[in-house]
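Student: In this note's numbering, the protein residues as written are 63 to 181.
(1) So within the region 97-130, which uninterrupted alpha helix (DSSP H) runs reach at least 4 residues, ignoring any that extend past its ends?
(2) Would you mind working out which of 164, 84, 151 sits nearest residue 66, comparing C-alpha positions?
(3) Within the chosen definition, does the region 119-128 reach the region 139-148 through at least 3 CB pairs nearer than 8 Å?
(4) I'd like to check one pair, residue 72 with residue 164: are the Cβ atoms closer than 9 Å?
(5) In this structure, does DSSP put residue 162 in helix, strand or coil?
(6) Quick check: the Cα distance between residue 77 and residue 97, rounded to an integer number of angstroms?
(7) On the DSSP bridge assignment, give the partners of residue 133 in chain order.
(8) Reducing DSSP to helix, strand and coil, say where residue 81 ends up.
(9) Here's the rule I'm using: 16 or more other beta-carbon atoms within 10 Å means buried, otherwise exposed. How should residue 81 be labelled?
(10) Pick out whichever of 162, 158, 74, 90 has its Cα sitting closest to the Cα of residue 123.
(11) Taking a contact to mean a Cβ-Cβ separation below 9 Å, would you say residue 119 touches residue 83 in this structure?
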C-alpha cells in the first residue's frame, strides 16, 4: 500500500455527526467504528468552541483525534474552506491527499433552498 496516497483521516462537520444534543445521526456510530477498525482518524469541525468530548459522549460516540473550531483556523475562514483541511493536515502531520471531508456546509435548509433557486 502506498502510504503517501492512502486516506489516513476523515474530517467531519459537526452537523453531519450530531443531529442535536445527545443525538447522533443514524449510521454515524457505525461509520466511526469502521474508520477506527481501519486505523483512519476522524476529526470534528465546529464553528464555535465546544466541549466535544462531552457532547460526543452524550451521544455514545468516540472522541475525535482532533477537534477544530473556527478559532483554530487562520483568518477564521468558514467551514469547508481549504484552510480547514490544511489545519487538519498540519495537526495530524498528513498530506492533503490523505484527507477526506464530509460536510453539511449550508447553514439551513432555507439557504440550501435559496441556493438551488439561484442555480
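Don't be surprised by glycine CBs; every beta carbon is placed ideally from N, CA and C.
Tutor: Quick answer:
(1) Here the runs fully enclosed are 114-120.
(2) The residue given as residue 66 occupies position 4 in the chain shown. Nearest neighbour of residue 66 by Cα position, chosen from 164, 84, 151, turns out to be 151.
(3) No, the region 119-128 is not in contact with the region 139-148.
(4) Here residue 164 is taken as the residue at index 102 of the chain shown, counted from 1. Here residue 72 is taken as the residue at index 10 of the chain shown, counted from 1. Taking C-beta atoms as the reference points, residue 164 and residue 72 count as a pair closer than 9 Å.
(5) Counted from its first residue, the chain shown places residue 162 at position 100. Strand at residue 162.
(6) Within the chain shown, residue 77 is the residue found at index 15, counting from 1. Within the chain shown, residue 97 is the residue found at index 35, counting from 1. Approximately 18 Å between the Cα atoms of the pair.
(7) In the chain shown, residue 133 corresponds to position 71, counting from 1. Under DSSP, residue 133 takes part in no beta bridge, so it has no partner.
(8) Counting from 1 along the chain shown, the entry for residue 81 is found at position 19. It is a strand residue.
(9) Here residue 81 refers to the residue found at position 19 of the chain shown. The residue in question, residue 81, is exposed, as its Cβ has fewer than 16 Cβ neighbours within 10 Å.
(10) Position 61 of the chain shown holds residue 123. Answer by Cα proximity: 90.
(11) Position 57 of the chain shown, counted from the start, is the residue given in the question as residue 119. Position 21 of the chain shown, counted from the start, is the residue given in the question as residue 83. The criterion of a C-beta distance shorter than 9 Å is not satisfied by residue 119 and residue 83.
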